[in-house]
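Scroll down for the structure; my scribbles are underneath it.
Numbering (the UniProt record's numbering), first residue to last: 1 to 154.
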């Protein structure tokens, strides 16, 4: 769906996948769990795979949302941070979190995530572009703050 530009369909499928995963996760509360008491326990490898798939779903949801106008940057931020909880070095999630924070006006956090992404993938043009935009906005903000304090304390 994503490659074909059908982002709403892709979002629906990723949400469905996350619901299915939630039913498999032994650490998640599930309303019918008492009926599944004899369900075999997951191995460590299976749990690791489950969390990897969950991260992939959240990362792909964030990618889809960035393509759907109007972009819901709050949700992009939330999904990206969910990925980063488990995969702190995930460059795509770092970039998407940076983009989301930039558009939400939190330039300090945007810079933090974009610098992390740049350190892991220094040649990525999109990361460089957003990092430059963020630095520009921070510079404007600091200049405005400086003028404000100069006016107050003259």
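Note that beta-carbon positions come from the ideal geometry of N, C-alpha and C, so glycine has one too.
Under the rule that 16 or more other beta-carbon atoms within 10 Å means buried, what is residue i, buried or exposed?
i           : result
residue 59  : buried
residue 116 : buried
residue 134 : buried
residue 77  : buried
residue 148 : exposed
residue 155 : The shown model of the chain, from 1 to 154, leaves out residue 155, and the question about it has no answer.
Quick one: measure Cβ to Cβ for residue i and residue j, integer angstroms, because I've assumed they're closer than 8 Å.
i           : j           : result
residue 102 : residue 130 : 6 Å
residue 72  : residue 83  : The pair is not a contact, with the Cβ atoms about 16 Å apart (cut-off 8 Å).
residue 113 : residue 138 : Actually they are not in contact, since the Cβ atoms of residue 113 and residue 138 sit about 14 Å apart, beyond 8 Å.
residue 57  : residue 18  : 5 Å
As a quick exercise: from the options, pick the residue whose alpha carbon is nearest that of residue i.
i          : options             : result
residue 87 : 49, 44, 153 and 146 : 49
(message) Ignoring anything shorter than 4 residues, give me the alpha helix (DSSP H) runs that lie fully in the segment 61 to 98, in order along the chain.
(response) 73 to 86
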